[in-house]
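Residue numbers (the numbering used here): 1097 to 1279.
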Amino acid sequence: HLLLNRLGMVSFHGPNVTTVPNLDPFSLLRLADLLLGRTDGFRYDGLAPVRGGRAEGTLLVGNLSIISALWGTPYAARLAGSILVLEDTGEAPYRIDRMLTQLSMQAEAAEVRGIAFGDLSVRGDDALLVMRAIRDLSDRLKCPVVTNFPAGHGHVNYPVPVGLRALLDADSGTLCVLEEPWG
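This is how it looks when you write it as structure tokens:
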């Protein structure tokens, strides 16, 4: 996604062919609509606010560990003006905390417009530790932050366009894509 985004092309973050049999019905419907070109815009509801506010920016969507591994390389994500949508799987809370701290130390971090967290595949006490790390990040970056975004490696995994303008409204728990991908 990052390479296509640098070239000014839209791509989609979403389920891959191996995960389709495990998707929930709504994720399957969203994927089918996308593949058949039947999108009436992309709107994601039911997001849980961590830090309120509204922000408009370019969607940058991906796996937290992959994005953080590329920082300091020529392939690093351009954070300025972005609304980040981050997900991951199989990472311990201390590693997620480290990656979020590393994110906050990036030169362009202050220019991130908003962040939506998808599934980070943590449960129980680990989820509490990760939530604390997310709150710490939102305190440092002072931008709108939400959780419960329907993307990740689980049963709920909606396709999300990468590289389009979007509006994140943390107060109402919505993210709306403002452009059509087929432009």
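The C-beta atom is built at its ideal place from N, Cα and C for all residues, glycine as well.
Spatial neighbours of residue i within its chain, please: C-beta separation below 8 Å, excluding the five flanking residues on both sides.
i       : result
Met1105 : Gly1259
Gly1137 : Cys1272, Val1273, Glu1276
Leu1099 : Tyr1171
Determine the extent of the beta strand (DSSP E) in which residue i is found, giving its start and end residues.
i       : result
Thr1243 : 1241-1243
Leu1263 : 1261-1265
Gly1307 : Given a span of 1097 to 1279 for the chain in the structure shown, any question on residue 1307 remains unanswerable.
Might you give, ordered along the chain, the residues of its own chain that have their beta carbon closer than 6 Å to the beta carbon of residue i, omitting 5 neighbours on each side?
i       : result
Ile1162 : none
Leu1156 : Ala1173, Ser1178, Leu1180
Leu1130 : Pro1255
Leu1160 : Leu1182, Asp1184, Met1195
Trp1278 : none
Can you name, in chain order, every residue of its own chain whose Cβ lies under 7 Å from the Cβ of residue i, other than the five neighbours on each side?
i       : result
Asp1120 : His1251, Val1252
Pro1240 : Arg1147, Gly1148, Gly1149, Arg1150, Ala1151, Gly1210, Leu1264, Ala1266
Gly1177 : Gly1153, Thr1154, Glu1207, Arg1209
Ser1234 : Val1146, Arg1147, Val1241
Gly1186 : Ser1217
Arg1191 : none
Ser1200 : Leu1233, Arg1236, Leu1237
Gly1269 : Asp1141, Gly1142, Leu1143, Ala1144, Pro1145, Val1242
State the start and end residues of the unbroken alpha helix (DSSP H) segment that holds residue i.
i       : result
Val1226 : 1220-1237
Thr1270 : Element bounds for Thr1270: not the alpha helix (DSSP H) but the beta strand (DSSP E), 1270-1273.
Pro1257 : It is not in any alpha helix (DSSP H) - Pro1257 instead sits in the beta strand (DSSP E) that spans 1256-1258.
Tell me, which residues are paired with residue i by DSSP?
i       : result
Ala1203 : Bridge partners of Ala1203: none, in fact.
Ile1211 : Leu1180, Val1241
His1109 : Val1256
Suppose only complete runs of 3+ residues qualify. What are the beta strand (DSSP E) ranges in the region 1129-1183, listed by chain order?
Taking only runs of at least 3 residues, the beta strand (DSSP E) segments lying wholly in the region 1129-1183 are 1144-1147, 1150-1159, 1178-1183.
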